[in-house]
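K.L.:
Taking my numbering, the leading residue of the sequence shown gets 61, the next gets one more, and so forth.
C-beta: ideal position from N, C-alpha, C; glycine also.
Given the structure is predicted, the values throughout are model-derived calculations rather than measurements.
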Amino acid sequence: MSESRTTPDPEPAFVISDLCKTYVTEAGTVKALRGVNLTIERGETLVLLGPSGSGKSTLLNILGGLDAATSGSARFHDLELVGATTTALTLYRRKSVGFIFQFFNLVPSLTARENVALITEIASDPMAPEEALAMVGLSDRMDHFPAQLSGGQQQRVAVARAIAKRPELLLCDEPTGSLDSESGVQVLEALAKVSRDVGATTMVVSHNAGIAAMADRIIRFRDGGITDISANRQKVEPREMTW
Ligand SMILES: Nc1ncnc2c1ncn2[C@@H]1O[C@H](COP(=O)(O)OP(=O)(O)O)[C@@H](O)[C@H]1O
Ligand SMILES: [Mg+2]
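Here is the structure:
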């Protein structure tokens, strides 16, 4: 539902202007981003769609402070990410960004609770690991190890880990890419819920157009640039989506 957007915050979360990224490797030069322009409102959910290789992960990694742009501007409130120091980017990631990747990246020797605690120990105002795991419906699995959990449950632990520090930004790169559709729906439901509960600005990258229904806006990507932006008049809960 879009009630939270009826009184939009006047200050956007992100202002992105003419953002470019060129990778130079021995194999040649790749223009991964060719001038991206986008303003992202606080608290909105964006779904980024586009074929493989179109630059979706590159954009997400730059916005999350994991990779550096070649030129242009990406401003998160007062912080300009392009040209920011490594220290500034580390602090930004630690305080403001929660990441969820296709492969869950849990530590196999730690329980669900301990995996979440790894992050909450270095955050400034975290929720308890138990609270984060309850939010994704895993209260009864807190002392299980990753190998004792299904793929969907492992990804929900990753969602709990990402959200436990109450990040302003939640960046999700193909979060259902290695899940069957039923588990994928459960993960997206968990994502939509935690995103709403902490008021996070959320970007979900996918090559699966079926998930577009959960977005406030849908960004279509091709060849390193945005080809289309459309708004959903009414967001749909993941469990109501068909894909
Ligand atoms: N570290 C890298 N070094 C060189 N080329 C890269 C690197 N990362 C991505 N690319 C290239 O940049 C382009 C965009 O990649 P990516 O952002 O991963 O696309 P998507 O996530 O949409 O599949 C692709 O051509 C890819 O091969
Ligand atoms: Mg990608």
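Considering G284, what are the terminal residues of the beta strand (DSSP E) in which it resides?
P.N.:
Run containing G284: none; DSSP gives neither H nor E here.
K.L.:
Excluding the 5 residues flanking G237 on each side, which residues of the same chain have their C-beta closer than 6 Å to its C-beta?
P.N.:
Q162
K.L.:
Please decide whether K253 counts as near chain D, where near means a Cβ-Cβ distance under 8 Å.
P.N.:
In the structure shown, chain D cannot be found, because there is only a single protein chain.
K.L.:
Note down the Cα distance separating I279 from R226, rounded to an integer number of angstroms.
P.N.:
So the alpha carbons of these two residues sit roughly 25 Å apart.
K.L.:
Given a cut-off of 8 Å, decide if F136 and F74 are closer than it, judged by their beta-carbon atoms.
P.N.:
yes
K.L.:
Can you pull the DSSP bridge partners for L93?
P.N.:
L93 pairs with K81.
K.L.:
Taking only the alpha-carbon atoms, compute the straight-line gap between A222 and T89 and give it to the nearest angstrom.
P.N.:
Rounded to whole angstroms, the gap between the alpha carbons of A222 and T89 is 33 Å.
K.L.:
Using 8 Å as the cut-off, can you tell me whether the segment 99-115 makes contact with the segment 170-180, which would need three or more C-beta pairs spanning the two stretches below that distance?
P.N.:
In short, these stretches do not touch, since the Cβ pair count stays below three.
K.L.:
Could you check what DSSP says for E228 in three-state terms: helix, strand or coil?
P.N.:
coil
K.L.:
Distance check for L231 and L79, CA to CA, integer angstroms please.
P.N.:
18 Å
K.L.:
So, is A250 buried or exposed, given that buried needs 16 or more other C-beta atoms within 10 angstroms?
P.N.:
buried
K.L.:
Please indicate yes or no: does the CB of S117 lie closer than 7 Å to some heavy atom of ligand 2?
P.N.:
yes
K.L.:
Just mark I286 as buried or exposed, buried being the case when its beta carbon has 16 or more other beta carbons within 10 Å.
P.N.:
buried
K.L.:
Quick check on DSSP: helix, strand or coil for T150?
P.N.:
Helix, per DSSP.
K.L.:
Quick check on S62: does DSSP put it in helix, strand or coil?
P.N.:
Here S62 scores only 47 on pLDDT, less than 50, and its place in the model should not be relied on; the value that follows carries that caveat. Residue state, collapsed to three classes: coil.
K.L.:
Count the other C-beta atoms from every protein chain shown that fall within 10 angstroms of the C-beta of V84, then say buried if there are 16 or more, exposed otherwise.
P.N.:
exposed
K.L.:
Can you have a look at E234 and say buried or exposed, based on whether 16 or more other CB atoms are within 10 angstroms of its CB?
P.N.:
buried
K.L.:
Rounded to a whole number of angstroms, what is the C-alpha to C-alpha distance between S62 and E297?
P.N.:
Any answer about S62 is weak, because its pLDDT of 47 lies below 50 and its placement is not dependable; what the coordinates show is given next. Approximately 11 Å, taken between the alpha carbons.
K.L.:
Looking at M195: is its Cβ nearer than 8 Å to the Cβ of V245?
P.N.:
no
K.L.:
So what does V245 bridge to, in DSSP terms?
P.N.:
BP columns for V245 are empty, so no partner.
K.L.:
What are the start and end residues of the beta strand (DSSP E) that includes L108?
P.N.:
105-109
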